[in-house]
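Following: one structure in structure tokens, then a few remarks.
Shown next, in the form of structure tokens:
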């Protein structure tokens, strides 16, 4: 049994997802939607398996799409990170998306899919932020400077009694300029290495892949359970109808009193 889909199968999968964006994005969460999703994946599996290449059931193709979607998200995140570093270029020689992959990214929302969900997005190059105490330090320094400048003006305008204006003590000679080593108050934060950032990004995306695969599997199992339950209710309805018809036949055949 081949595990690698052929180009014809991939093209058929892309066309299916373009026609069913709700299934592609996993938006059909109701019971009826899950039944419809399961039915469409099973029909797609029959079509794709007839094209040659990989041979999977509906659940297998749904799982393949979940893994493919996470791989595309990872590739788009790497390209976006490279473009942010180079101001729009791709200096890391990353592989370009194929035509089919570009169509899949378009189905998932284009640039919004590349940036990812805010709950899972990992900024590969976090910007160093100043400590929260820095604004307080700056404000305190500014207040001290204003107070000292005001004292200096008062000294210049109000000389000591008994002395002339020329004998007044200059403010600049008696009041030293404040020394505010702001840079020393804010210790530099070490920059994270690119390799550790990439490993963190890979770990989060692998976790997303596992979660997405489990979600798809759970939805298919739930849809199958609903289908079986619906079939059982249908059988019960048929049985009750048969019993009612039998009772009606017996009642008609009984002689009138």
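In full-length UniProt numbering, the protein residues as written are 1 to 257. Cβ atoms here follow ideal geometry from the backbone N, Cα and C, with glycine treated the same way. In this text, all values refer to a predicted model and were calculated from it rather than measured experimentally.
Please report the distance separating the alpha-carbon of residue i from that of residue j.
i, j, result
"residue 80", "residue 222", "36 Å"
"residue 38", "residue 50", "19 Å"
"residue 106", "residue 11", "14 Å"
"residue 242", "residue 216", "39 Å"
"residue 123", "residue 227", "At residue 123, the pLDDT of 39 sits below 50, so the modelled position is not reliable; the number obtained from the coordinates is stated separately. C-alpha separation (whole angstroms): 43 Å."
"residue 55", "residue 209", "22 Å"
"residue 21", "residue 234", "31 Å"
"residue 202", "residue 42", "32 Å"
"residue 61", "residue 48", "9 Å"
Is the beta carbon of residue i sitting closer than 7 Å to the one on residue j?
i, j, result
"residue 52", "residue 6", "yes"
"residue 219", "residue 66", "no"
"residue 258", "residue 14", "Look at the range of the chain in this structure, 1 to 257, and you will see that residue 258 is not part of it."
"residue 205", "residue 40", "no"
"residue 17", "residue 24", "yes"
"residue 82", "residue 72", "no"
How would you write the range of the alpha helix (DSSP H) that residue i sits in, first residue to last?
i, result
"residue 254", "Residue 254 -> no alpha helix (DSSP H), and no H or E assigned at all."
"residue 26", "Run containing residue 26: none; DSSP gives neither H nor E here."
What's the call for residue i, buried or exposed, on a 16-neighbour Cβ count within 10 Å?
i, result
"residue 44", "buried"
"residue 113", "buried"
"residue 132", "Annotation note: pLDDT 42 at residue 132 (below 50); position unreliable, no value reported."
"residue 246", "exposed"
"residue 207", "exposed"
"residue 19", "exposed"
"residue 8", "exposed"
Just to confirm my understanding: we take residue i, look at its own chain, exclude 5 residues before and 5 after, and list those with CB closer than 7 Å. What are they?
i, result
"residue 70", "205, 208, 209 and 212"
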